[in-house]
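Participant: Got a structure for you, written out below as C-alpha cells; questions coming shortly.
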Amino acid sequence: MKRLIILALLLTVSFSCRKEFIDLQPISEMNAGTFYKTEKDMNQAVMSPYASLRNLYNQSFIYMGEVRSDNTTFSWVPGNSKDMTSIDNFGDVLLSDNSFVLNFWNNSYSTILRCNIVLDKIDEVAFTDKKLKEQYKAEARFIRALTYFWLVRVYGDVPKVDHQLSVSEAYTLGRVPTQEVYDFIVDDLKFAEANLPTAYSAVDKGRVTVGGAKGLLAKVYMTMAGYPLKKGASHYALAEAKALEVINLPVYSLVTDYKTLFDVSKKNSSESLFEVQYKKGGTSTGSPWNNDFAPRFSNKEVVLVGDKGGFNAPTPSMSTAYSTGDPRKSISMSDGYVSAP
Numbered sequence: 084m085k086r087l088i089i090l091a092l093l094l095t096v097s098f099s100c101r102k103e104f105i106d107l108q109p110i111s112e113m114n115a116g117t118f119y120k121t122e123k124d125m126n127q128a129v130m131s132p133y134a135s136l137r138n139l140y141n142q143s144f145i146y147m148g149e150v151r152s153d154n155t156t157f158s159w160v161p162g163n164s165k166d167m168t169s170i171d172n173f174g175d176v177l178l179s180d181n182s183f184v185l186n187f188w189n190n191s192y193s194t195i196l197r198c199n200i201v202l203d204k205i206d207e208v209a210f211t212d213k214k215l216k217e218q219y220k221a222e223a224r225f226i227r228a229l230t231y232f233w234l235v236r237v238y239g240d241v242p243k244v245d246h247q248l249s250v251s252e253a254y255t256l257g258r259v260p261t262q263e264v265y266d267f268i269v270d271d272l273k274f275a276e277a278n279l280p281t282a283y284s285a286v287d288k289g290r291v292t293v294g295g296a297k298g299l300l301a302k303v304y305m306t307m308a309g310y311p312l313k314k315g316a317s318h319y320a321l322a323e324a325k326a327l328e329v330i331n332l333p334v335y336s337l338v339t340d341y342k343t344l345f346d347v348s349k350k351n352s353s354e355s356l357f358e359v360q361y362k363k364g365g366t367s368t369g370s371p372w373n374n375d376f377a378p379r380f381s382n383k384e385v386v387l388v389g390d391k392g393g394f395n396a397p398t399p400s401m402s403t404a405y406s407t408g409d410p411r412k413s414i415s416m417s418d419g420y421v422s423a424p
C-alpha cells in the first residue's frame with residue numbers, strides 16, 4: 084500500500100510540473116538562440132571572422148605557402164619534428180594528420196563557418212540602415228573569398244561551403260572543381276567591392292574596404308591567368324584593369340621608405356589595402372612572427388618571451404635573387420646573425 088501511495092505522489096508531482104521547470108536554455112546568458120537579433124549583434128558577429136584570420140596568418144599560411152616554396156625553409160637542425168621536415172621536404176610523404184596541414188585545413192573552414200553564420204543570420208535582423216547590412220555581408224564575403232583563395236591554391240579542388248552545414252550534409256560533402264572555387268571567389272569579391280566603403284573612421288581601422296576587395300580581385304585574376312586554369316591574356320587584362328582601379332582610388336599612396344611597411348609602429352599605412360590586426364599586451368591577440376622567424380640559436384635577447392623558431396629562413400637562392408645594392412634585401416632578410424656567446 085505504501086508503495087502505491089509513493090508512486091501516486093510521484094506521478095502527481097511529475098504531471099503537475101510546468102514545462103518551464105525543465106527548460107534548459109540559459110536565459111541569463113547569450114547563445115545562438117538569443118543572439119543575432121540586432122544591428123549591434125551582427126556587428127559583433129562580423130568581428131568573429133576577422134578574429135579567426137589571426138589564427139590563419141599566425142602560422143598556417145606561412146608554412147603552407149612560403150615554406151613549401153623555394154623561397155624559405157625551416158632551419159635544418161637536430162630536433163626538428165617530422166611534421167616540419169615533411170612540410171619542407173618534398174621527398175617526404177605529407178599526410179593529412181600532419182599538424183601543419185591539419186591546422187591549416189581546420190582554421191580555414193572554421194573561418195569560413197564564421198562568415199557563413201553571418202550570412203545565414205543577417206537577413207533575419209531588421210536594420211535601420213540597409214546599406215550597413217550590405218556592408219556587413221560584404222565584409223563576410225571578402226573574408227570567405229580570401230580564405231578560399233588560400234585553400235584553392237594549396238589543395239586545388241576543395242569542398243565549397245556557402246552556408247552552415249547540417250551533420251548529414253557534412254558527411255556527404257565532396258570537393259568541387261578548381262574552376263568552380265575560383266568562380267565562387269570572384270562572385271564574393273564582386274559583391275564585396277560593390278558594397279564596401281572607401282575608408283573607415285579610426286575606431287574601425289582594419290575593416291576591409293573597397294580597395295581591399297579590388298586588390299584581392301586583381302590578384303585572383305592574375306592567378307587564374309596562370310597555372311592551373313591558364314586563362315591567359317584575358318585574365319591578365321582583368322587583373323591590370325582592377326589594379327588600376329585601386330591606383331586611382333584617392334586614399335592610397337606608396338610609402339617613401341620600404342622599411343616602413345614592416346614597422347609595427349606604422350601599421351595600416353597609406354600603402355596598405357588590408358591588414359590582419361594584432362595587438363600586444365598579453366591579450367592573446369598578438370602575432371608570434373617575431374618568435375617564429377628569429378634564428379634558432381640567436382642571442383637570447385632577440386625575443387623576450389617564448390622560444391626562437393628558426394622558421395621561414397630564406398634559402399640561398401632567395402638571397403641571390405636580389406640585385407646587388409637592392410635596399411630591400413637588408414630590410415627583408417639577413418644572410419647571418421650573431422649567436423649566443
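For the sequence shown, my numbering assigns the number 84 to the initial residue and increments by one for each residue that follows. A virtual CB, placed ideally from N, CA and C, is assigned to each residue, including glycine.
1. With a threshold of 8 Å on Cβ separation, who are the neighbours of Val241 within its own chain once the five nearest residues in sequence on each side are excluded?
2. Decide if Pro311 is buried, meaning its Cβ has at least 16 other Cβ atoms within 10 Å, or exposed.
3. Going by DSSP, name the residue or residues bridged to Thr155.
4. Going by beta-carbon coordinates alone, are Lys332 and Val338 separated by less than 8 Å?
5. DSSP on Thr368, reduced to helix/strand/coil?
6. What's the call for Asp409, buried or exposed, on a 16-neighbour Cβ count within 10 Å?
7. Consult DSSP for Val184 and reduce its assignment to one of helix, strand or coil.
8. I'd like to know if the region 165-185 and the region 243-257 are in contact, where contact means that at least 3 CB-CB pairs between them fall below 8 Å.
9. Start and end of the alpha helix (DSSP H) containing Val329?
10. At 4 residues or longer, what runs of the alpha helix (DSSP H) sit wholly inside the region 201-253?
11. Am I right that Pro397 and Asn154 are in contact with their C-beta atoms under 8 Å? What's the rounded C-beta distance?
12. Could you check the C-alpha separation between Val150 and Leu327 for me, to the nearest Å?
13. Taking one C-beta from the region 216-229 and one from the region 171-184 each time, how about it: are there three or more such pairs within less than 8 Å?
14. Taking Ala277 as the reference, give the member of Met147, Arg224, Ala320 and Leu248 with the closest Cα.
15. What does a CB cutoff of less than 7 Å around Thr194 pick up in its chain, not counting 5 residues either side in sequence?
16. State the start and end residues of the unbroken alpha helix (DSSP H) segment that holds Phe274.
17. If I measure Cβ to Cβ from Gly315 and keep anything under 8 Å in the same chain, skipping five residues before and after, which residues do I get?
18. For Lys165, does the three-state DSSP call read helix, strand or coil?
Facilitator: Taking the structure as given:
1. Short of 8 Å from the beta carbon of Val241, and not among the five residues preceding or following it, lie these beta carbons of its own chain, in chain order: Tyr231, Leu234, Val235, Arg258, Val259 and Val264.
2. So Pro311 counts as exposed.
3. In the DSSP assignment, Thr155 forms a beta bridge with Pro397.
4. It should be pointed out that residue 332 corresponds to Leu in this sequence rather than to Lys. Not a contact, by the Cβ cut-off of 8 Å.
5. In the structure shown, Thr368 sits in a strand (DSSP, three-state: E or B).
6. Exposed.
7. Three-state DSSP puts Val184 in a helix.
8. The answer is no - the region 243-257 does not touch the region 165-185, with fewer than three Cβ pairs under 8 Å.
9. Per DSSP, the unbroken alpha helix (DSSP H) holding Val329 starts and ends at Ala316 to Ile330.
10. Fully enclosed alpha helix (DSSP H) runs of 4 or longer: 213-238.
11. Confirmed, about 7 Å.
12. Between the C-alpha atoms of Val150 and Leu327 there is a straight-line separation of about 31 Å.
13. Using a C-beta cut-off of 8 Å, the region 216-229 makes no contact with the region 171-184, since fewer than three inter-stretch Cβ pairs fall below that distance.
14. Of all alpha-carbon atoms in Met147, Arg224, Ala320 and Leu248, the one lying nearest the alpha-carbon of Ala277 is that of Arg224.
15. Excluding positions up to five away in sequence, the list reads Pro132, Ser135, Leu136, Leu139, Ile226 and Thr230.
16. First-last of the alpha helix (DSSP H) with Phe274: Thr261 to Asn278.
17. So the list reads Ala308, once near-sequence residues are dropped.
18. Helix, per DSSP.
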